[in-house]
Every structure is written in C-alpha cells, then in structure tokens.
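Novice:
4 protein chains.
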Amino acid sequence: MSRGRPRTAGADEAILTAVRELLTAHGFAGFSVDDVATRAGVGRQSVYRRWPTKAALVVAAMSAIAAGAPPGTGTLAGDLRALVQRTRAAYAGAQRSALLDLHAAMAGDPAARAAFEEQFVAPRRAALAALLSEHDSPADPAVLHDLLAGPFLHRLLTTDTDPDDALVGAVTAALIGAAS
Amino acid sequence: MSRGRPRTAGADEAILTAVRELLTAHGFAGFSVDDVATRAGVGRQSVYRRWPTKAALVVAAMSAIAAGAPPGTGTLAGDLRALVQRTRAAYAGAQRSALLDLHAAMAGDPAARAAFEEQFVAPRRAALAALLSEHDSPADPAVLHDLLAGPFLHRLLTTDTDPDDALVGAVTAALIGAAS
Amino acid sequence: MSRGRPRTAGADEAILTAVRELLTAHGFAGFSVDDVATRAGVGRQSVYRRWPTKAALVVAAMSAIAAGAPPGTGTLAGDLRALVQRTRAAYAGAQRSALLDLHAAMAGDPAARAAFEEQFVAPRRAALAALLSEHDSPADPAVLHDLLAGPFLHRLLTTDTDPDDALVGAVTAALIGAAS
Amino acid sequence: MSRGRPRTAGADEAILTAVRELLTAHGFAGFSVDDVATRAGVGRQSVYRRWPTKAALVVAAMSAIAAGAPPGTGTLAGDLRALVQRTRAAYAGAQRSALLDLHAAMAGDPAARAAFEEQFVAPRRAALAALLSEHDSPADPAVLHDLLAGPFLHRLLTTDTDPDDALVGAVTAALIGAAS
DNA sequence: TCGTAATCGAGACGGTACGTCAAGTCTTGAA
DNA sequence: TTCAAGACTTGACGTACCGTCTCGATTACGA
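Protein chains in written order, with our numbering: chain A, 71 to 250; chain B, 71 to 250; chain C, 71 to 250; chain D, 71 to 250.
1) Name the chain A residues that come within less than 9 Å of B/Thr-242, Cβ to Cβ?
2) Count the CB pairs spanning the segment 213-233 of chain C and the segment 205-217 of chain D that are closer than 8 Å, and state whether there are at least three.
3) List the residues of chain B whose Cβ lies closer than 7 Å to the Cβ of A/Val-213, in chain order.
4) For a contact meaning CB atoms closer than 7 Å, what does B/Val-191 contact in chain A?
5) Grab me the residues of C/Ser-207's own chain with a C-beta within less than 7 Å of its C-beta, minus the 5 sequence neighbours each way, in chain order.
6) Could you have a look at C/Thr-94 and say whether DSSP puts it in helix, strand or coil?
7) Roughly how many angstroms separate the alpha carbons of A/Arg-120 and A/Asp-105, rounded to a whole number?
8) Determine the chain A residues that contact B/Ala-197 at a beta-carbon separation under 9 Å, and present them in chain order.
9) Distance, Cα to Cα, A/Pro-180 vs C/Gln-115?
10) From which residue to which residue does the alpha helix (DSSP H) around B/Glu-204 run?
11) Against chain B, does A/His-224 count as a neighbour if the rule is that its beta carbon must be under 8 Å from one of theirs?
12) Where does D/Val-112 sit, in a helix, a strand or coil, going by DSSP?
13) Please work out which residues of its chain come closer than 7 Å, Cβ to Cβ, to D/Leu-198, disregarding the five sequence neighbours upstream and downstream, and give them in chain order.
14) Report the rounded CA-to-CA distance for B/Ile-245 versus B/Arg-151, giving the unit in angstroms.
15) If the cut is a Cβ gap below 8 Å, which residues of chain B does A/Ala-248 touch?
16) Going along chain B in order, which residues have a C-beta closer than 8 Å to the C-beta of A/Glu-187?
17) Taking 8 Å as the threshold (C-beta atoms), are A/Gly-220 and B/Gly-220 in contact?
18) Under 8 Å between the Cβ atoms of C/Leu-86 and C/Ala-134?
19) Check whether the Cβ atoms of C/Val-117 and C/Ala-107 sit closer than 8 Å, and answer yes or no.
20) In chain A, which residues lie with their C-beta within 9 Å of the C-beta of B/Leu-217?
21) Under the rule that 16 or more other beta-carbon atoms within 10 Å means buried, what is B/Ala-88, buried or exposed?
22) Does any residue of chain D bring its CB to less than 8 Å from the CB of C/Asp-105?
23) Could you check whether C/Ala-99 and C/Ala-185 sit closer than 8 Å to each other, using their CB atoms as the reference points?
24) C/Ala-84 and C/Ala-110: beta carbons closer than 8 Å?
25) In chain order, what residues of the same chain have a beta carbon less than 7 Å from the beta carbon of D/Leu-153, not counting five sequence neighbours either side?
26) Taking 8 Å as the threshold (C-beta atoms), are C/Arg-158 and C/Val-238 in contact?
27) Cutting at 8 Å between CB atoms, please list the residues of its own chain near B/Thr-231, excluding the five before and the five after it.
28) At a CB-CB cut-off below 9 Å, which residues of chain B make contact with A/Asp-232?
29) Could you check what DSSP says for B/Ala-73 in three-state terms: helix, strand or coil?
30) Can you have a look at D/Asp-234 and say buried or exposed, based on whether 16 or more other CB atoms are within 10 angstroms of its CB?
31) State buried or exposed for D/Arg-183, treating a residue as buried only when at least 16 other CB atoms are found within 10 Å of its CB.
32) Once you ignore the five residues that flank A/Phe-253 on each side, which residues in its own chain have a CB closer than 6 Å to its CB?
33) Note down the Cα distance separating A/Ala-236 from B/Ala-243, rounded to an integer number of angstroms.
34) Would you mind sorting B/Arg-156 into buried or exposed? The rule is 16 or more other CB atoms within 10 Å of its CB.
35) Name the chain D residues that come within less than 7 Å of C/Arg-183, Cβ to Cβ?
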C-alpha cells in the first residue's frame with residue numbers, strides 16, 4: 071500500500087515540542103510557522119503536511135497535555151477537591167500563557183475550535199460526567215465544568231497572574247454546593 | 071497656544087462603531103484597519119492617529135461598552151442576582167464573539183492587555199467592591215468577579231453557545247454563597 | 071486695495087534658504103515640505119500659499135541663483151572662455167547636487183519643467199544669443215548652450231564628481247570651434 | 071545541496087519589461103511597484119525579492135538597454151560619427167523620457183547611483199576607451215564620453231525635445247576635434 | 001476705534017505608496 | 001512518497017508624505 075519514503079520518525083514530536091517552546095516564549099502571534107520548522111529542524115512543508123493551519127498546529131500541541139487519570143479519593147467531595155487543585159495547577163506557571171494562546175489560536179477559525187473542543191474539552195467533561203454518575207449526583211456536568219475551570223480562566227485572562235488560595239477555596243465551595 | 075485643527079467631531083465614535091460592526095460580522099482576524107477606515111468614512115491615518123495598533127483599537131471599541139449603573143435592589147442577594155443576569159446578557163447574543171475577539175486581540179500584546187485591564191476589568195471590579203462594602207460583606211471582590219464572569223466566559227470559549235438557565239442558577243447560588 | 075494682514079517680511083527668503091540647505095544636505099527626496107517649514111520657522115501652509123507644489127518650490131529656490139552679467143572681455147573667444155569657467159563653477163562644489171536635484175524635481179511635473187525652462191534656461195540661452203549676435207557669429211545659441219553645459223552636466227550625473235581641467239579644455243575648444 | 075524551487079523563468083524579464091512600459095507611459099512617479107507586479111503577472115514580493123527598492127528596479131530596467139557592439143567602420147572619425155548617431159537615437163523618441171526618469175530614480179539614492187554607474191556608464195566608457203586605444207588616440211575617454219552624451223542630455227533635460235541636426239553636427243565636430 | 005479680511009503657526013484630514021512580514025501553496029533535486 | 005530548501009501569490013501591517021482644510025490668534029487697512 072504505502073509507497074515512497076516513510077515519514078521521519080520523531081518529526082511529529084519535534085514539531086510539537088518546538089511549538090510549545092515558542093508558545094511559552096513568545097506567544098501565539100510571536101512566532102511563525104517558519105520559526106517552528108527551523109527550530110524543529112524540518113522543512114516548512116513537513117509541518118503543513120501534518121497540520122493544515124497554524125491554529126490546528128497549536129491545538130495539537132496543547133492537546134498533548136494529558137487530562138490525567140481520575141482522582142479516586144472515595145468521596146465525591148474529595149474527588150472534586152482534587153480536581154480543583156489539578157485545575158489550579160493547569161492555570162498556573164508556565165502553562166498559563168500557553169492556555170491563553172490556545173484561545174487566541176481559535177479566534178475566527180471554526181475548524182480549530184472544533185478540534186479544540188473535541189480533543190481538549192470533551193475528555194475533561196466526560197471525566198467529570200463519569201465522576202458525577204458514579205456518585206449518583208444529578209448535577210449537569212457541563213455546568214460543573216464551567217464552574218470549575220471558568221473562575222481560573224477568568225483570573226488568567228483579566229490579570230495574567232497565578233490563582234491565589236482565596237479563589238481556590240471559593241471555587242471548591244461552589245463546586246461542592248452545585249454537586250448537591 | 072495655537073492648537074491646530076480640532077479632530078473631527080464624531081470620528082472617534084464612527085471608528086469604534088465600525089470596529090464593533092466588523093468584529094461581530096467577521097471576527098478579529100476577519101477585517102483590516104483599512105476596512106475600518108473605509109466603513110467609518112475616514113482616512114486610515116485618522117485611525118492610527120487615535121490608536122497605535124489594531125489590538126488597541128479593538129480594546130477601545132470594547133471598553134466603550136458601559137459597565138452600567140449599580141442595580142440597587144436593596145438587598146445584597148438581589149443585587150447579585152441582577153448582576154448575574156446582566157453578565158449573562160453580556161456573554162450572549164451578538165456580543166458573544168466580540169468578547170472572544172477581545173481576548174484574541176490581546177494575545178502577545180502586553181500594551182493591549184494593560185489597556186484592557188485598566189479600561190474594562192478594573193471598573194467592573196470596583197463596582198463589585200463598592201457593592202460588597204455597602205452591604206458589609208467581607209468577601210474578596212476579585213474572587214467574586216472571577217466567580218461571576220468566569221463560568222460564562224468558559225462556556226463561551228469552549229462551546230461558543232449562549233449560557234443556559236442551569237448555568238445561571240449555579241452561578242447565582244455560588245455567588246450568594248461566597249458573599250456570605 | 072490690499073486688505074488683511076500682510077505677508078511676513080522675509081518669509082519667502084527664509085523658506086527658499088531652507089530649501090537650498092536641505093537640498094544640499096539630503097537631496098530632493100530626502101526632505102519633506104514639513105521639514106522646510108520647520109527649518110524656516112513658518113507654518114506649512116505659508117509654504118503652500120507661496121508655491122503650489124514641492125517641485126515648484128525647488129525650482130524657485132534654484133532660480134534665485136543669478137545668471138550673472140555678461141563677461142565682456144572684448145573678444146568672442148575670451149567671452150566664451152569666461153563662460154566655460156563660470157559654468158564649471160556652477161557644476162562644482164556645493165551646487166553640484168543641488169542642480170542634480172533640480173532635474174529630479176521636474177520629473178513627471180510639466181508645470182515645474184515649464185517654470186524651470188522659463189526661469190532658468192531661457193535667461194542663460196538669451197545671454198548666449200546676445201553674445202553671439204554682438205560678435206556676428208552665425209552659430210545656433212541653443213546648440214552652443216548644449217555644448218557648453220552638457221558635458222559638465224553629464225560628468226555630474228554619471229560620476230558625481232567635480233569637473234577636471236581636461237574637461238574644461240575640451241569644452242572650451244569645442245565651443246570656440248562651433249562658434250566659428 | 072538542495073537548492074529549493076528555482077525562480078520562475080522569464081519573471082525577471084517580464085518585470086523589467088513592465089517597468090519600461092510604465093516608465094514611458096507614466097514616468098517614474100506615475101506608477102507603483104504594485105502596478106509593476108500586476109502588469110508583469112507576478113506577486114509584489116517577487117519584485118522585492120529581486121530588487122530592493124523602486125529606484126534599483128528602474129536602474130536595472132534601463133541598464134538592460136544594450137550598449138551594442140563597436141561600430142567598426144575602419145577609421146576613427148567614421149567610428150565616432152557612428153557613435154554620435156547611436157547616441158542621438160538613445161536620447162530621442164520613446165527612450166527620451168525613460169532616460170530622464172533614470173536620473174530621477176537616482177536622486178538621493180546612493181546605492182541606485184552606484185548601480186547605474188557600474189551597469190550603465192562604465193560599459194559605455196570602456197567601449198570608448200577601447201576604440202581610442204585601437205586608433206592610438208591620446209584623448210581621455212571620460213572627457214570624450216562627456217562631450218559625446220552631454221549635449222544630448224542637456225538638450226533633453228532643458229527642452230524635452232528630440233535633438234536636431236545642428237546639434238548632431240556640432241557634437242560630431244567637437245568629438246573629432248577632441249580625439250586629435 | 002472698530003470691523004473686515006488676509007495672514008500666521010499648528011495640526012487634523014483623505015489619499016496613496018512605501019517596504020516588511022507572514023500565511024499557505026508549489027516546485028525542485030536528493031534520499 | 002517524503003524530505004529540506006526556497007520561490008510563489010496574497011494581503012495586512014504600520015510609516016511617511018502629499019496637498020488641503022480648519023482652528024484660534026494676529027495684524028494691517030478702511031469706514
């Protein structure tokens with residue numbers, strides 16, 4: 071079936087790594103696809119052969135951030151508490167601006183938005199739904215997800231600072247309250 | 071002493087209006103500064119004379135969305151409920167994608183980010199702080215602000231849909247709980 | 071008759087002087103009308119009130135270079151020799167690039183070309199014609215003028231250097247030969 | 071090793087041809103680099119990839135006018151006569167204004183001037199030098215060049231008309247006289 | 001002496017071109 | 001068929017300058 075020269079092993083990962091580095095260093099608008107190719111040591115066409123647009127490239131680079139296994143503390147409240155901590159970590163430190171750029175990447179690009187939703191949002195929402203049904207909670211997983219990640223995201227977008235303990239406490243309380 | 075020809079009355083507003091229309095119609099990446107000038111009926115230089123970059127222009131256009139007077143229902147819970155409704159409206163309908171584009175405009179542009187924070191975030195946070203101190207609530211205004219707008223923002227960014235009643239209810243409950 | 075505020079005395083000359091300085095310093099394309107106004111200490115409109123375009127302005131500045139009185143050595147050969155020396159001086163030193171810019175100013179501007187021809191070329195040609203008729207020479211004044219100034223102009227345009235003695239000698243010989 | 075996609079064959083010539091046409095039709099200031107690209111059927115970037123500025127572009131377009139092979143009539147006088155006729159043709163007709171624009175292009179652009187001197191002036195001067203040494207003439211080639219082209223250039227710059235027979239005769243006589 | 005009117009410096013105006021940059025596509029020869 | 005290299009078209013960016021216009025202030029002359 072497959073004829074011709076096979077794709078260079080590791081090129082995919084080299085490209086995505088380059089994207090992540092440039093993203094944290096200069097932001098979405100601060101680097102070009104050419105920069106990515108140069109840094110990854112490949113030709114530009116090799117990037118476009120794998121992902122159709124710059125936005126798709128960035129989404130792919132960010133999607134590789136694993137959602138992680140479910141907490142499994144035994145109680146619903148404990149699991150939610152663990153989730154809040156995990157989300158706080160995701161919106162802090164180096165990943166902070168990267169997540170911000172992810173949103174920038176999707177502006178005016180429906181395909182990138184769809185890819186982001188499918189690869190990044192859906193798994194997390196599904197994990198939350200599984201957790202709720204496991205503990206017989208009638209709460210809407212989508213609402214809980216917004217309540218969980220929204221405040222951290224807002225803090226990030228408006229002040230570009232790491233979340234503080236007061237915010238963590240408030241989010242935890244809101245989440246446990248909403249889950250009944 | 072002599073101050074030269076005064077700026078054309080209404081040009082500022084004509085430009086900002088054009089930006090808002092183009093923003094809702096085509097998104098941040100979907101129009102050029104030239105389009106703005108043409109639509110506003112001014113020269114391109116007249117746009118750059120007022121705002122240095124496209125990002126700053128968009129921030130200014132969005133900042134003009136008035137924060138509005140405080141609700142004044144008499145009770146803290148009532149006022150918070152009104153605030154939630156107002157926020158829901160801001161993140162629904164035509165303004166939805168505009169707000170999204172605002173965030174896109176700030177990607178990788180620290181100056182635009184600072185302007186956004188100063189002109190858009192600070193007034194809303196201040197209004198919230200005034201409301202809390204008026205009712206002797208010890209809650210942190212910044213936290214309340216994140217709790218109020220964050221979930222709507224997250225819903226918008228991840229699904230690009232209008233917020234539903236379930237989300238409104240959850241946010242209201244979380245907010246009243248956090249304000250003690 | 072004349073009503074209203076009279077034009078500021080000396081402004082004309084201040085402007086033309088500024089033009090000449092900028093011309094020698096940066097060349098025709100190297101300064102703007104605004105630079106001229108600033109340097110002359112007047113408003114931009116005061117420049118445009120006197121000359122309609124930048125090209126006309128430059129032509130006026132250069133036209134002020136006086137053609138000078140006829141030599142009057144007694145013999146035709148002597149007068150021609152004096153004219154060559156005078157022309158050599160005009161195409162040497164500081165005026166060198168200014169003359170070059172004069173030609174640049176007229177590119178694609180028929181009005182400027184006409185003004186240049188009328189104010190700059192015609193007087194010199196007329197002086198030459200008078201000299202020839204005085205000495206009963208049948209030579210064409212236009213041809214003599216081309217023979218006189220052309221070689222110096224060509225040297226200037228092609229090498230941007232001052233004319234040397236060899237060129238002066240050759241031009242003198244050619245001129246005396248052509249005048250019969 | 072790998073040398074990438076080769077430049078489109080004929081694009082250089084298509085661009086230079088477009089420049090020449092626009093030059094004769096509208097003059098140096100009468101067309102934009104974008105006009106050139108459109109007329110040549112290439113992207114604007116393809117023009118800038120080859121020549122850095124509009125001035126350099128025009129110089130290149132004019133330099134392509136071949137200097138032509140030496141006359142070869144057998145005698146020095148005959149060869150000079152032929153050269154005068156050839157020069158007259160260069161400063162007449164359609165090329166007239168183009169040559170004028172060439173000079174405009176170099177105003178205030180030392181790089182363009184250098185390119186012009188190297189590509190346009192030097193070959194002609196060298197051909198003249200070869201002719202003189204072949205016939206054992208002690209005359210300075212630079213002086214002869216000025217004497218040959220200068221009068222035609224002056225006629226062009228001052229009157230924007232084609233050279234007449236009187237001028238041709240005078241130049242021929244001057245040239246033969248100067249060559250001894 | 002007072003109003004009319006042209007001038008002044010300053011600077012905004014609409015327009016147009018400049019030269020730069022990036023996106024995404026295409027084309028070469030080598031592997 | 002993939003690879004690296006690099007040319008290709010397209011179109012926005014932000015800057016500069018042109019020649020015009022409009023402001024408030026100034027300065028003469030004539031009623």
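Ideal Cβ placement from N, Cα and C applies to all residues, glycine included.
On a predicted model such as this, the values are computed, not experimentally measured, just so you know.
Specialist: Taking the geometry as given:
1) Going along chain A, no residue has its Cβ under 9 Å from B/Thr-242, so there is no contact; the nearest lies around 11 Å.
2) yes
3) Ala-236, Leu-237 and Ala-240
4) Thr-228
5) Leu-146, Ala-249 and Ser-250
6) helix
7) 16 Å
8) Those within 9 Å of B/Ala-197 in chain A number zero; the least Cβ separation is about 14 Å.
9) 52 Å
10) 192-204
11) yes
12) coil
13) Pro-211, Leu-214 and His-215
14) Going by the sequence as given, residue 245 of chain B is Leu instead of Ile. Roughly 9 Å between the two C-alpha positions.
15) Ala-240, Ala-243 and Ala-244
16) Thr-228 and Thr-229
17) yes
18) yes
19) yes
20) Leu-217, Gly-220, Pro-221, His-224, Leu-237, Ala-240, Val-241 and Ala-244
21) buried
22) no
23) no
24) yes
25) Pro-141 and Leu-218
26) yes
27) Arg-225
28) Those within 9 Å of A/Asp-232 in chain B number zero; the least Cβ separation is about 13 Å.
29) The amino acid at residue 73 of chain B is misidentified as Ala; the sequence shows Arg. The answer is coil: DSSP assigns B/Arg-73 none of H, G, I, E or B.
30) exposed
31) buried
32) Within the shown structure, residues of chain A are numbered from 71 to 250, placing residue 253 of chain A beyond reach of any answer.
33) 18 Å
34) exposed
35) Asp-230
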